[in-house]
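Using the working numbering, the first residue of the sequence shown is number 170, and each one after it goes up by one.
Built from N, CA and C at the ideal position, the CB exists for glycine as well.
Structure first, then comments.
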Amino acid sequence: MQDFLKYLSTAPVLATAWMVVTAAILIGFNWVFPDLLFHPMP
């Protein structure tokens with residue numbers, strides 16, 4: 170169990186988890202407010 174917790178705290182695992190969370194937030198935001206992420210310039 171100690172080795173598994175050490176593995177979960179490594180940089181690639183944390184980076185992958187952070188990218189998944191960021192993608193989920195962006196997908197959710199774009200689902201609630203479509204086309205606001207790509208608003209045309211005035």
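Close-in-space but distant-in-sequence residues of the same chain around residue i (CB under 6 Å, 5 per side omitted)
i	result
Phe198	none
Ser178	none
First and last residue of the uninterrupted alpha helix (DSSP H) at residue i
i	result
Met188	180-201
Phe207	Run containing Phe207: none; DSSP gives neither H nor E here.
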